[in-house]
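For the sequence shown, numbering that gives the first Met the number 0 gives the first residue as 0, with consecutive numbering after it.
Just so you know, even glycine gets a beta-carbon here, dropped at the ideal spot from N, CA and C.
Step one of this worksheet: look at the structure below.
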Amino acid sequence: MSSLIVGTAGHIDHGKSALVRALTGIDPDRLPEEKRRGITIDLGFADLELDDLRIGFVDVPGHERFVKNMLAGAHGVDLLALVIAADEGVMPQTREHFDICRLLGVRNGLVVITKRDLVDEEMLVLVEDEARELVGGSFLESAPIVAVSARTGAGLDQLKAQLTELGKRVPPRSQDFVTRLPIDRAFSMKGFGAVVTGTLISGRIAEADELELLPLRANVRVRGLQVHNQPVREAHAGQRTAVNLAGVDTSQIERGMVLAPAGRLRPTQVVDAWIDVLPGAARAVRSRSRVRFHIGAAEVLGRVRVLEAPAEIVPGSGGLAQVRLEAPVVAVHGDRFILRSYSPAETIAGGVILDPFATKHRAKDLARARELLRLLQRDERAEKLTAFVRAAGDRGLRPADLAAATGWTNDVLARVAAEVQKQGSVIETGGVYLARESLEHLRGAVLAELERHHKREPLARGMLRETLREKVFARSFPEIFAGLIARLEADGKVVSEKDIVRLKEHSVGLSEQDTKLSERIEQVYLAAGVEAPSLDDAMTRANVPATQRTQARKLLQLLIDNGKLVRIQGEMFMHAQVVQDLKGKLHTYASRHEPDRLIDVPAFKDLAGVSRKYAIPLLEYFDREQTTRRAGDKRVILKPR
Ligand SMILES: Nc1nc2c(ncn2[C@@H]2O[C@H](COP(=O)(O)OP(=O)(O)OP(=O)(O)O)[C@@H](O)[C@H]2O)c(=O)[nH]1
Ligand SMILES: [Mg+2]
Numbered sequence: 000m001s002s003l004i005v006g007t008a009g010h011i012d013h014g015k016s017a018l019v020r021a022l023t024g025i026d027p028d029r030l031p032e033e034k035r036r037g038i039t040i041d042l043g044f045a046d047l048e049l050d051d052l053r054i055g056f057v058d059v060p061g062h063e064r065f066v067k068n069m070l071a072g073a074h075g076v077d078l079l080a081l082v083i084a085a086d087e088g089v090m091p092q093t094r095e096h097f098d099i100c101r102l103l104g105v106r107n108g109l110v111v112i113t114k115r116d117l118v119d120e121e122m123l124v125l126v127e128d129e130a131r132e133l134v135g136g137s138f139l140e141s142a143p144i145v146a147v148s149a150r151t152g153a154g155l156d157q158l159k160a161q162l163t164e165l166g167k168r169v170p171p172r173s174q175d176f177v178t179r180l181p182i183d184r185a186f187s188m189k190g191f192g193a194v195v196t197g198t199l200i201s202g203r204i205a206e207a208d209e210l211e212l213l214p215l216r217a218n219v220r221v222r223g224l225q226v227h228n229q230p231v232r233e234a235h236a237g238q239r240t241a242v243n244l245a246g247v248d249t250s251q252i253e254r255g256m257v258l259a260p261a262g263r264l265r266p267t268q269v270v271d272a273w274i275d276v277l278p279g280a281a282r283a284v285r286s287r288s289r290v291r292f293h294i295g296a297a298e299v300l301g302r303v304r305v306l307e308a309p310a311e312i313v314p315g316s317g318g319l320a321q322v323r324l325e326a327p328v329v330a331v332h333g334d335r336f337i338l339r340s341y342s343p344a345e346t347i348a349g350g351v352i353l354d355p356f357a358t359k360h361r362a363k364d365l366a367r368a369r370e371l372l373r374l375l376q377r378d379e380r381a382e383k384l385t386a387f388v389r390a391a392g393d394r395g396l397r398p399a400d401l402a403a404a405t406g407w408t409n410d411v412l413a414r415v416a417a418e419v420q421k422q423g424s425v426i427e428t429g430g431v432y433l434a435r436e437s438l439e440h441l442r443g444a445v446l447a448e449l450e451r452h453h454k455r456e457p458l459a460r461g462m463l464r465e466t467l468r469e470k471v472f473a474r475s476f477p478e479i480f481a482g483l484i485a486r487l488e489a490d491g492k493v494v495s496e497k498d499i500v501r502l503k504e505h506s507v508g509l510s511e512q513d514t515k516l517s518e519r520i521e522q523v524y525l526a527a528g529v530e531a532p533s534l535d536d537a538m539t540r541a542n543v544p545a546t547q548r549t550q551a552r553k554l555l556q557l558l559i560d561n562g563k564l565v566r567i568q569g570e571m572f573m574h575a576q577v578v579q580d581l582k583g584k585l586h587t588y589a590s591r592h593e594p595d596r597l598i599d600v601p602a603f604k605d606l607a608g609v610s611r612k613y614a615i616p617l618l619e620y621f622d623r624e625q626t627t628r629r630a631g632d633k634r635v636i637l638k639p640r
């Protein structure tokens, strides 16, 4: 059995609710005030089974003051029943509702002429002509027109037959999107707690599911489910669904909020979009105009910034714009929305979300922003993904960001990500997506930065990793830095050693004078053996003139970097050869003292031929190096690894 949503639309008093009741036996007007005034105020619901088609009706109010409520129901409609009363013909909200359905991208439907018992044949033909004219050039252009009377029942069977026929042609909802239920009603039921209802526009909801209520960001659990007033284990896209929620209080829930998988989608307040302005709109959409923004079942106020030059979108045309909202909403790429003027509240435009997490565009970046938004308008998902990643620039895009922006399922995300990586337009580095152009840019910046550093500090082995990261990757996700350096290393461009990164070809070049000086310093330490001289002493012994002390210290550091000298403690250095010899002696000693391999300080002093002044720092050095390990006042000489 397939499920679909049929939405009514049309002018006030044209018989929408009477029609739904005649078809289903259910009165969609449930509020006492509706019954008293004889008009619909808020959305009404009813259901009907036709062969293997299960129809959920969403009945909307025709009153111009309640278009806002109409919009909360119109977003999830598969099939439009455009209602026109035979005795009145096309009226203002017939047009406005129809415009809204077109702008929301409704693709299927029919025209229902109601109250046919009130008119003669001649009049009926006139109204049919009027209806044809209204829908000309739209998705209803060649749709059936059925005349009915809710009073006499005339035409109802024909209408049911048409609904069955059309129902077969409505394509099933795409399986490519994660679960979303925009909430149009919330109430509490004694003994059950919070219940929300809405049209499940994608995915499925099952008992015990952990979901998130957005934009509240509250985690909730599904206690129970109903579809068409029947308890079910699982609800599917295209069904009117009631969900009993645990973990939230009814008072926290508002129409327009959305149920989605926990941690998957995110609220937003700035979106980039394509906007189509109605030909009949009173004026062009301009920057800074305050608008009512309707998405899903939500309405929030916002301001438009037109991204085109000149910065206006005239009636009957379309263009790119950014909408900044006064409250957060849930939106994913491809969602449709409606713009109404602030006052008077009239429908002026509709649009489609391109980038749901947009950032402010500076005037000089507008051309590039437009280019990327145009890519997001293409049908190909690979191009969309590439555009999202390119828009993120050097910062990169995490898979979770992409999931939130697109609403795509994991399967779709994985497939499209594999495709763009194969094409080479997007690279994954350190688990983050980076556009090819950003990768090239960052690579170039790293190499240039290292080159500059080597020029400036020819005696330094390389640049501190952290400094390089701050200079080049300040705006990038941290994962990108490590990933990119690893790539450059694999390509043989750079070498990274502990906390230092250098260009592969960089070697410390010494002048003849420096080479001699460096050799003298090394000789001093080699000659001194374990009796390490103080730094001053070493300088004096190496005949370093006072003016060259700073340079000599750099050379000394270089000797350490190159492994010729070893820092034992503070400013106590020894030649690596000396330390190596000592290590050898320790191991020989150990082999004669198996199995405990213990040595105490006096024995070490003897072995090394040093006084306590050197013995203690040396032993501590060996502890750090894990040549020895402290055990009470003795040391265990560890086996070489
Ligand atoms: N004679 C006749 N009257 C009808 C028919 N359908 C509806 N009506 C009457 O028209 C009036 C309005 O009908 P509703 O169904 O409430 O109209 P609606 O389009 O739902 O109105 P709103 O929801 O307020 O926009 C009621 O008094 C109905 O009894 C019909 O087929 N024939
Ligand atoms: Mg009604």
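Notebook entry, point to check: Based on the DSSP output, what are the partners of Met571 in its beta bridges?
Noted result: Gln568
Check: Which term fits Leu244, buried or exposed, when burial requires 16 or more other beta carbons within 10 angstroms of its beta carbon?
Finding: buried
Next item on the list: At 3 residues or longer, and completely inside the stretch 61-114: list those beta strand (DSSP E) runs for me, N to C.
Entry: 78-84, 107-113
Margin query: Buried or exposed for Glu504, going by 16 or more other Cβ atoms inside 10 Å?
Written below: exposed
Check: Around the C-beta of Gly190, are 16 or more other C-beta atoms found within 10 angstroms, so that it is buried, or is it exposed?
Finding: exposed
Margin query: Please tell me whether, using a cut-off of 7 Å, the distance from the CB of Gly37 to the nearest non-hydrogen atom of ligand 1 is below it.
Written below: yes
Check: What residue does the alpha helix (DSSP H) around Tyr641 start on, and which one ends it?
Finding: Given a span of 0 to 640 for the chain in the structure shown, any question on residue 641 remains unanswerable.
Margin query: Within a Cβ cutoff of 8 Å, which residues of the same chain sit near Leu123, ignoring the five residues on either side of it in sequence?
Written below: Ala85, Ile112, Arg115, Ala146
Note to self: Between the stretch 273-290 and the stretch 347-355, can you find at least three pairs of beta-carbon atoms closer than 8 Å?
What the structure shows: yes
Next item on the list: Run the CB neighbour count on Asp41, radius 10 Å, all protein chains shown included, and call it buried at 16 or more, exposed below.
Entry: buried
Check: CA-CA distance, Leu319 and Leu371?
Finding: 11 Å
Item checked: Straight-line gap, Leu162 to Pro477 (C-alpha atoms, nearest Å) -> 56 Å
Margin query: Is any non-hydrogen atom of ligand 1 found closer than 7 Å to the C-beta of Gly24, if you look at the structure I gave you?
Written below: no
Note to self: If the criterion is Cβ atoms closer than 8 Å, does the pair Asp393 and Arg263 meet it?
What the structure shows: no
Note to self: Out of Pro309, Ala296, Pro314, which one is the CA nearest neighbour of Ala283?
What the structure shows: Pro314
Margin query: Suppose the cutoff is 7 Å on Cβ atoms and the five residues either side in sequence are ignored; what does the same chain contact list for Arg29 look like?
Written below: Gly43
Check: Can you check whether the CB of Ala153 is closer than 8 Å to the CB of Leu109?
Finding: no
Next item on the list: Measure the alpha-carbon distance for Leu103 versus His440 and round it to whole angstroms.
Entry: 40 Å
Check: Ordered along the chain, which non-local residues of its own chain (more than five positions away) have a Cβ less than 6 Å from that of Val269?
Finding: Arg323, Ala357
Next item on the list: Return the first residue and the last residue of the beta strand (DSSP E) that Val270 is part of.
Entry: 266-276
Note to self: Given this structure, state the Cα-to-Cα distance separating Lys159 from His10, to the nearest angstrom.
What the structure shows: 22 Å
Next item on the list: Quick one: using the 10 Å Cβ neighbour count with 16 as the cut-off for buried, is Met69 buried or exposed?
Entry: buried
Check: Does DSSP put Gly166 in a helix, in a strand, or in coil?
Finding: helix
Notebook entry, point to check: With distances taken from CA atoms, which of Asp334, Ile200, Thr267, Val523 is nearest Arg216?
Noted result: Thr267
Item checked: Extent of the continuous alpha helix (DSSP H) to which Glu466 belongs -> The residue you asked about is not Glu; residue 466 is Thr in the sequence shown. Note, Thr466: alpha helix (DSSP H), 464-471.
Checklist line | Reference Ala76; option with closest CA among Leu133, Gly14, Ala8, Ala630 | finding: Sequence check: residue 76 is Val here, not Ala. With distances taken between Cα atoms, Val76 lies closest to Ala8.
Check: Is there at least one non-hydrogen atom of ligand 1 closer than 7 Å to the beta-carbon of Pro181?
Finding: no
Item checked: For Ala326 and Val297, the rounded distance between their alpha carbons -> It should be noted that the sequence gives Ala, not Val, for residue 297. Spanning the two alpha carbons is a distance of roughly 10 Å.
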